[in-house]
Each structure stands twice: as C-alpha cells, then as structure tokens.
Amino acid sequence: MKNKHIEVIVNPASGQKVLNLRVLNAVFKKYKYDWDVSITNRAGDAAKFAKKASKRGSIVVAYGGDGTVKEVAGGLVGTNALMGIIPGGTGNVMSIELGISADQREAAEIIAKPEINTRKIDVGLTEDKEYFVLHAAMGLSAQMIHNAPRSAKNNLGQLAYVFGAFAAIQSPIESTYQLEIDGKKSEAKGVTCIICNAGSIGLPGLKMDEDVLIDDGKLDVFIIDSAELGALVDVAKNLLQKNMGVPHLEHWKGSKIVVTATPKQPGQLDGEVYTKKRIAISVIPQAVNIIVP
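According to our numbering, the stretch in the sequence shown is residues 621 to 913, in order.
Written out as structure tokens, the structure reads:
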C-alpha cells in the first residue's frame, strides 16, 4: 500500500513550463493524498529534499528536467521510497524512456492512482560519487550540451540543442580513448564517447540501441569515430532503422567502465557539465523504484 503523502520537489529554473499547482491539487486530493512542495535554490537541494522525504515515507516526485530527476534519484539510492516524475524540463529524456506523459495531469494521475506500476532502474555512479540515470558523455555530444546554456533553453526549448549540435560539429575534438570495461582494456579513436544507462536520446522510439536497458545491471559504451556530416547521417539513419553493426559507431557493454580521453574533451552527466580527462563509472543495479504507466 502506498503512503498517503506526496512530496513534490520543484526546480524553478527548469525548462519552459510552469507547474500547474491547481491541477496537481485536484489530482492528489481526488485520490486523498496530502502533499507538499519543496523548491530548490541550488545544486544538491533536490537530493537533500528527496532523502529527507524518503525518511518520512513520502512518495517523492521530481518536477523539472533530467538534471532534477538525476538529483532526486541520487537522493533515493539506498532507500525503499517510490519516485514519481512530472516532466518539466527541456529534453525530458527519462520520462520518454519510461513512457511518462508530458501532460502534467496525466503524469500526476500515473503517480496517484490506486493501482500503480513501478520499475526499478539502475543508477550510474562515478568515482567521485556523482550519480546519473541516463548518460555520461565526452566529446561532441557533451559539447552540444555546453553550447545550450540555460538562457538558450529557456528561450528556444529543444531548438537550443539543435543549435548547440550545429556549433559542436564545426570544431570537434578527436581523441584517443583508453577503455577499461570490466577489467578488459582496449583503445579507440573518436569524437564522442557516450556511456548509457538508458537507451533513449530524447525522441520517442529513437534509441542508441534496442539492447540498451535501464534495468539490466549493465552500462553501454558507444564511440562515434567521425563528426563529418556523412558519418553522422549514417549513424542517425541506422539508429532510425534499428540496424545492427552501425557504421562509424562502436559498442561495448559492462558494469564497470573507465574511459580516459587524450586530449581531454568536454563532458556531461545527464545534461549537466561534468568535464574530466578520465571518467570511471560503476552501475548500481535496480537502485531506484519509479512509478511508471
């Protein structure tokens, strides 16, 4: 039986939507829930609020973008709390991955209805104790994030990422990646390395690979070897067609990943800047229990 209290953690800096408190109140009261709102002011607040709410036995709901979802999930690792998501960011990749509606009323209904479905997802953990739920990346895909600051996302929405991607491919940094995957070492050259916990890349039905699962206890490593337009078109075309053996794209799978890039490239974790020459990551299997449709 679910606890009858919901804590909604709101990042007011996320995305372009305004949280409709009247809609949430109508849905939560319909199902006889008490509920409160905690508003973040700085990095780390969402994790702190989530941990505190979990100790009260509340259902913990993240309203914001993927960075907010990442923080809330990180705060719930090691707890038995139920987590809900009301998408409120620019990309909302996690909600797409889990099939959660972008409509606030529908997302609230998923959380509050008497009969719920849940999915225990894996969480990635870096060596410096940063959590992520979607992707860690170096290179071109991270530079796209760096080129889409909050002001651009507020004004342009997802178009900010399009412009960010266009700027990134103008001057890509090609690096040699030293890989260690579950103790096995290898080397590859490329313009971007993406470590995936989830397969979705922000568009419904479009995944890095159908084999990437958010609850399989593994991380998937992809390297794209060229930023030339033809190579990127080949990758995109094959992802759309769900073909195996995509040209210009290499794929590994493991539970402990170490990647060192020479020269150093821009980096990101779930859409937040995270630039390191070396990224070392392990996976925590089925670490957070999320309410899904």
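The beta carbon of each residue, even a glycine, is placed where N, CA and C say it ideally should be.
If residue i and residue j are in contact, beta carbons under 8 Å, what's the gap, nearest whole angstrom?
i	j	result
residue 717	residue 818	5 Å
residue 737	residue 913	7 Å
residue 891	residue 686	5 Å
residue 697	residue 908	6 Å
residue 917	residue 666	Only positions 621 to 913 of the chain appear in the structure, and residue 917 is not among them; the question remains open.
residue 899	residue 746	7 Å
residue 728	residue 669	Rounded, the Cβ-Cβ distance is 18 Å, inconsistent with contact.
Residue i CB to nearest chain D CB: under 8 Å?
i	result
residue 911	Structure shown: chain D not included; a single protein chain is present.
Thinking C-beta only, is residue j closer than 8 Å to residue i?
i	j	result
residue 800	residue 889	no
residue 839	residue 874	yes
residue 704	residue 901	no
residue 643	residue 724	yes
residue 759	residue 793	yes
residue 742	residue 814	no
residue 795	residue 906	no
With 16 as the cutoff for other CB atoms within 10 Å, does residue i come out buried or exposed?
i	result
residue 679	buried
residue 896	buried
residue 936	Residue 936 cannot be examined here, being either before or after the span of the chain that is shown, 621 to 913.
residue 638	exposed
residue 812	buried
residue 650	exposed
residue 806	exposed
residue 695	buried
residue 712	buried
Would you say the beta carbon of residue i comes nearer than 7 Å to a heavy atom of the ligand SAM?
i	result
residue 837	The ligand SAM is not among the ligands present in this structure, which contains no ligands whatsoever.
| query | Are the segment 707–726 and the segment 633–653 in contact at 8 Å, needing three or more beta carbon pairs? | reply | yes
| message | Please give me, in chain order, every unbroken run of the alpha helix (DSSP H) with length at least 4 that falls completely inside the segment 660–738. | response | 665–675, 686–696, 713–718, 724–732
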